[in-house]
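**Q** Right, I'll just put the structure down here and ask away after.
There are 6 protein chains.
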Amino acid sequence: MCEGSMDELGKKIGKVPVIFKELEKTDPLMHEKILAFDHLVWDDGALTRQQKKIIAIAIAAALRDEHAVYAQIAGAKNLGVKKEEIDEGLRVAFLLAGMPAYVYGKTKLEEAYK
Amino acid sequence: MCEGSMDELGKKIGKVPVIFKELEKTDPLMHEKILAFDHLVWDDGALTRQQKKIIAIAIAAALRDEHAVYAQIAGAKNLGVKKEEIDEGLRVAFLLAGMPAYVYGKTKLEEAYK
Amino acid sequence: MCEGSMDELGKKIGKVPVIFKELEKTDPLMHEKILAFDHLVWDDGALTRQQKKIIAIAIAAALRDEHAVYAQIAGAKNLGVKKEEIDEGLRVAFLLAGMPAYVYGKTKLEEAYK
Amino acid sequence: MCEGSMDELGKKIGKVPVIFKELEKTDPLMHEKILAFDHLVWDDGALTRQQKKIIAIAIAAALRDEHAVYAQIAGAKNLGVKKEEIDEGLRVAFLLAGMPAYVYGKTKLEEAYK
Amino acid sequence: MCEGSMDELGKKIGKVPVIFKELEKTDPLMHEKILAFDHLVWDDGALTRQQKKIIAIAIAAALRDEHAVYAQIAGAKNLGVKKEEIDEGLRVAFLLAGMPAYVYGKTKLEEAYK
Amino acid sequence: MCEGSMDELGKKIGKVPVIFKELEKTDPLMHEKILAFDHLVWDDGALTRQQKKIIAIAIAAALRDEHAVYAQIAGAKNLGVKKEEIDEGLRVAFLLAGMPAYVYGKTKLEEAYK
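Protein chains in written order, with UniProt numbering: chain C, 1 to 114; chain H, 1 to 114; chain E, 1 to 114; chain D, 1 to 114; chain P, 1 to 114; chain W, 1 to 114.
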């Protein structure tokens, strides 16, 4: 398994969405470019991949993006991110994007971490 | 200076927005409630206040919220958040909310950290 | 029952979301701060709580925030807000945020008020 | 001056945006349809036009829509909407869409009503 | 069947949403104004109605507007828009509004065109 | 000049944003990945690059993304997109995202095409 593969991405983000796996067959060129970009975004660097997951969850909650909230939280759990960390990230989303952003995230968080 | 004051908040978030200071005089009750909530959001806990600043910047960029991006980056700098950390947070915003989210944040980042 | 309690909030906003009730046990400090802020927002003042509900519904519809639209409309009904008032608020959301904003609100409105 | 004209609209919404006036010459058909729809939205009905203005301001603030916030507040002032009413509408925007929504609105409010 | 009727609109946009049909009975005046505006938007002009459908899908996906994405894609299919064209429009939504925008659209696209 | 270079991108999108040019020096890896993805998005395919520009402008207007609206319109002009085409795309943005979306786009359109 080479660096930059989809398996490697799975390790980085905790869980690869189904639609992204399908893209490998239906649109290999699009898949390849997204994969390369995805790796760059999620690579450990100044921030760990776990910290980036918390950011992604907070953004998705702020955007009321139900699917992304769910996908990011599922991945975060597999990466060992703690529930308390996500909860505190969601409080920032509350302040920046309103109480419903917090509720979107909190609802999915309770489902995924119970 | 007591815990929970506005000076204390200034230490936590790096910089208190002007409009929030004015609120203390024009609407003390609203000011007090926001202050109490603000402290709860920014208190060090499972995440440090620096990590929360990076989250706030990423959310603000995702929302194309120019004022919030600017205010949060200015505060982050005063709290010692590194430019590389913010940049990596903005990459997550790119993935979750599009290239312009990255550009919004990056432009303000270059201004604040040059 | 004291001013500022959750029961009192229930009277003000028509219906307290489940997740907010749970917060009382799982995170009493967060619950307390939100409660205090919530009371301030919903208190009768220059606008009645009914007028504020209509505003909240229009904002939620504009943001395509399905959960908030539903929660706010359910509360509005309990507070005696008329269907026609909400409908006219949703027309403003149409103008400011597009036809789908109107559809989001209208669909939930018909469900709640039939 | 007939019912449904642009002058009549000016009375209803407090101020007609420049771009909308230009549209009358550059694209009369588009202008006519928008005008007809605009009248329907702003007509006094179950809500007064003043109440609708407050809703419009709150939505625009929630969307971080700087131009619409400004245009709606300018119109509201001409229609005799009180500053306190707009401020309370903006608090609802804070709760539903985050502190920056409040700041967007509050900043323009202070400018327009000083 | 006269120009500007709802049947005529159905031909233009591929499919008229249920709620819009109901509006004809419950609120004929609102229905009439929206219908007139709708016709103006969808009329073939510098762009064909098919090109406009692709734009509408991309906007709806960018806004994470699940209902609008679905409604616009259903209409597009009836108008003979090709799957590849919508897919390329969704890539633009990815770039401008993030990967979840693409996923929102792509998921509905696969459902509607399988 | 090879396929996939930044000069080649300039031809495709009409104008490369300054911040993206700077990225080539400050963050060559990020630059390379975005460039590869950008080429894939903008390549002529089922839709021409001109049609994609119109979509991008409509999305940016729907998001009240002032910088992206400006950047995309500037590029569109260089690619020979007609003003009428962009205007019709903005009407779709009006319907899907509200009158202010139309105003955002129209204002920049008049500036760029006068």
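The beta-carbon is built from N, C-alpha and C at its ideal position, and this holds for glycine as well.
Among the residues of its own chain, which have a CB less than 8 Å from the CB of Tyr102(W), if the five just before and after it don't count?
**A** As a working mapping, residue 102(W) is identified with position 102 in the sixth sequence. Result list for Tyr102(W): Ala61, Leu90, Arg91, Ala93, Phe94, in chain order.
**Q** To the nearest angstrom, how far is the alpha carbon of Ala68(C) from that of Val41(H)?
**A** The residue you call residue 68(C) lines up with position 68 of the first sequence. The residue you call residue 41(H) lines up with position 41 of the second sequence. Taking the straight line from one Cα to the other gives about 23 Å.
**Q** Give me the Cα-Cα distance between Ser5(W) and Leu35(W), rounded to the nearest whole angstrom.
**A** Indexing the sixth sequence from 1 puts residue 5(W) at position 5. Indexing the sixth sequence from 1 puts residue 35(W) at position 35. So the two alpha carbons sit approximately 8 Å from each other.
**Q** When we look at the beta-carbon of Gly80(P) and count the other beta-carbons within 10 Å, is it buried (16 or more) or exposed?
**A** Working through the fifth sequence from its first residue, we reach residue 80(P) at position 80. With fewer than 16 other Cβ atoms within 10 Å, it is exposed.
**Q** For a quick check, are the C-beta atoms of Arg49(W) and Lys12(W) less than 8 Å apart?
**A** Taking the first residue of the sixth sequence as 1, we reach residue 49(W) at position 49. Taking the first residue of the sixth sequence as 1, we reach residue 12(W) at position 12. Yes, Cβ-Cβ distance for Arg49(W) and Lys12(W) is below 8 Å.
**Q** Residues of chain C with CB under 9 Å from Gly98(D), in chain order?
**A** One-based indexing of the fourth sequence puts residue 98(D) at position 98. Ala62, Ala93, Phe94, Leu95, Leu96, Ala97, Gly98, Met99, Ala101, listed in chain order.
**Q** Is Arg64(E) helix, strand or coil by DSSP?
**A** The residue labelled residue 64(E) in the question sits at position 64 within the third sequence. Coil, per DSSP.
**Q** Could you give the residue range of the alpha helix (DSSP H) that holds Lys33(C)?
**A** Mapped onto the first sequence, residue 33(C) falls at position 33. From DSSP, the alpha helix (DSSP H) with Lys33(C) extends over 28 to 42.
**Q** Leaving out five residues before and five after Leu9(C) in sequence, what residues of the same chain have Cβ atoms less than 8 Å from its Cβ?
**A** One-based indexing of the first sequence puts residue 9(C) at position 9. Once the five neighbours on either side are set aside, the close Cβ partners of Leu9(C) are Val16, Leu35, Asp38, His39, Trp42.
**Q** Can you tell me the Cα-Cα spacing of Ala71(W) and Gly75(P), whole angstroms?
**A** Taking the first residue of the sixth sequence as position 1, residue 71(W) is located at position 71. Taking the first residue of the fifth sequence as position 1, residue 75(P) is located at position 75. When rounded, the distance between both Cα atoms is 31 Å.
**Q** Taking Ala68(C) as the query, report the chain P residues whose CB atoms sit under 7 Å from its CB, ordered along the chain.
**A** Numbered from 1 along the first sequence, position 68 holds the residue referred to as residue 68(C). What Ala68(C) touches in chain P: Pro100.
**Q** I'd like to know whether the C-beta of Cys2(W) is nearer than 8 Å to at least one C-beta of chain P.
**A** Here residue 2(W) refers to the residue found at position 2 when the sixth sequence is read from its first residue. Note that Cys2(W) has pLDDT 45, beneath the 50 cutoff, so the model's placement of it is unreliable and no number is given.
**Q** Straight-line CA distance for Gln51(P) to Tyr113(P)?
**A** As a first step, residue 51(P) must be located in the fifth sequence, where it is residue number 51. As a first step, residue 113(P) must be located in the fifth sequence, where it is residue number 113. Cα-Cα distance, rounded: 17 Å.
**Q** Can you list, in chain order, the residues of its chain with a C-beta nearer than 8 Å to that of Met1(W)? Leave out the 5 residues immediately preceding and following it.
**A** As a first step, residue 1(W) is located in the sixth sequence; it is residue number 1 there, counting from the start. Residue confidence for Met1(W) is low, a pLDDT of 37 falling below 50, so the modelled location carries little weight; the figure read from the coordinates is stated next. Taken in chain order, the residues that qualify are Asp7, Glu8.
**Q** Just to confirm, are Ala97(E) and Gly98(W) a CB contact at a threshold of 8 Å?
**A** Residue 97(E) sits at position 97 when you count from the first residue of the third sequence. Residue 98(W) sits at position 98 when you count from the first residue of the sixth sequence. Cβ atoms of Ala97(E) and Gly98(W): closer than 8 Å.
**Q** Using a Cβ cut-off of 8 Å (strictly closer), state whether Ala36(D) contacts chain P.
**A** As a position in the fourth sequence, residue 36(D) is number 36, starting the count at 1. By this cut-off, Ala36(D) is an interface position.
**Q** Secondary structure at Lys21(C), three-state DSSP: helix, strand or coil?
**A** What you label residue 21(C) is simply residue 21 of the first sequence in a count that begins at 1. The answer is helix: DSSP assigns Lys21(C) an H, G or I state.
**Q** Strictly below 7 Å CB to CB, what residues from chain D border Lys33(P)?
**A** Translated into the one-based positions of the fifth sequence, residue 33(P) becomes position 33. Chain D residues near Lys33(P): Ala36, Phe37, Leu40.
**Q** Using 10 angstroms around the beta-carbon of Leu29(W), count the other beta-carbons present and answer buried if the total reaches 16, otherwise exposed.
**A** Position 29 of the sixth sequence, counting from 1, holds the residue named residue 29(W). By the neighbour-count rule (16 or more Cβ atoms within 10 Å), Leu29(W) is not buried but exposed.
**Q** For Gly89(H), decide whether its Cβ has a neighbour in chain C, counting only Cβ atoms nearer than 8 Å.
**A** Translated into positions along the second sequence, residue 89(H) becomes position 89. Closer than 8 Å to some Cβ of chain C, the Cβ of Gly89(H) qualifies, so yes.
**Q** Am I right that residue 132(H) and Ile57(H) are in contact with their C-beta atoms under 8 Å? What's the rounded C-beta distance?
**A** Summary: the structure shown does not reach residue 132(H), with chain H confined to residues 1 through 114, and so no result is reported for it.
**Q** If you draw a straight line from the alpha carbon of Gly45(E) to that of Glu88(D), how long is it in whole angstroms?
**A** For the purposes of this step, residue 45(E) is identified with residue 45 of the third sequence, where counting begins at 1. For the purposes of this step, residue 88(D) is identified with residue 88 of the fourth sequence, where counting begins at 1. Whole-angstrom Cα-Cα distance: 8 Å.
**Q** In three-state DSSP terms, what is Ala46(D)?
**A** Indexing the fourth sequence from 1 puts residue 46(D) at position 46. Residue state, collapsed to three classes: coil.
**Q** Please decide whether Pro28(D) counts as near chain W, where near means a Cβ-Cβ distance under 8 Å.
**A** Translated into positions along the fourth sequence, residue 28(D) becomes position 28. With 8 Å as the cut-off, Pro28(D) does not count as an interface residue toward chain W.
**Q** Go ahead and pull the three-state DSSP assignment for Gly105(P).
**A** Walking along the fifth sequence from the start, residue 105(P) turns up at place 105. Three-state result, Gly105(P): helix.
**Q** Under a three-way DSSP split, which group does Leu90(H) fall into?
**A** Indexing the second sequence from 1 puts residue 90(H) at position 90. DSSP places Leu90(H) in helix when its eight states are reduced to three.
**Q** Rounded to the nearest angstrom, what separates Glu32(W) and Asp65(H) at their Cα positions?
**A** The residue labelled residue 32(W) in the question sits at position 32 within the sixth sequence. The residue labelled residue 65(H) in the question sits at position 65 within the second sequence. So the two alpha carbons sit approximately 27 Å from each other.
**Q** Exposed or buried, which one is Lys21(W) when buried takes at least 16 other CB atoms within 10 Å?
**A** Counting from one through the sixth sequence, the residue named residue 21(W) turns up at place 21. Label assigned to Lys21(W): exposed.
**Q** Taking Lys82(C) as the reference, give the member of Leu63(C), Pro100(C), Lys53(C) with the closest Cα.
**A** In the first sequence, the residue the question calls residue 82(C) occupies position 82. Nearest of Leu63(C), Pro100(C), Lys53(C) to Lys82(C), Cα basis: Lys53(C).
**Q** Can you give me the C-alpha to C-alpha distance between Asp27(C) and Ile55(E), rounded to a whole angstrom?
**A** Position 27 of the first sequence, counted from the start, is the residue given in the question as residue 27(C). Position 55 of the third sequence, counted from the start, is the residue given in the question as residue 55(E). So the two alpha carbons sit approximately 44 Å from each other.
**Q** With 16 other CB atoms within 10 Å as the buried threshold, where does Lys25(C) fall?
**A** By one-based count along the first sequence, residue 25(C) stands at place 25. Flag for Lys25(C) reads exposed.
**Q** Taking just the CA atoms, how far does Ile59(D) sit from Leu63(P)?
**A** Taking the fifth sequence and counting its residues from 1, one reaches residue 63(P) at position 63. Taking the fourth sequence and counting its residues from 1, one reaches residue 59(D) at position 59. Distance between the alpha carbons of Leu63(P) and Ile59(D): 16 Å.
**Q** Hey, quick one: how far does the alpha helix (DSSP H) through Leu9(D) stretch, first residue to last?
**A** Reading the fourth sequence from its first residue, position 9 is the one you call residue 9(D). 6 to 13 is the span of the alpha helix (DSSP H), which, as asked, contains Leu9(D).
**Q** Measure the C-alpha to C-alpha separation of Ile73(C) and Lys108(C) and round it to an integer number of angstroms.
**A** Sequence index remark: in the first sequence, residue 73(C) carries index 73 (1-based). Sequence index remark: in the first sequence, residue 108(C) carries index 108 (1-based). When rounded, the distance between both Cα atoms is 8 Å.
**Q** Does any CB atom of chain H fall closer than 8 Å to the CB of Gly45(C)?
**A** Residue 45(C) sits at position 45 when you count from the first residue of the first sequence. Gly45(C) counts as touching chain H.
**Q** Indicate whether at least one CB of chain H lies closer than 8 Å to the CB of Asp65(W).
**A** For the purposes of this step, residue 65(W) is identified with residue 65 of the sixth sequence, where counting begins at 1. True, the Cβ-Cβ gap to chain H drops below 8 Å.
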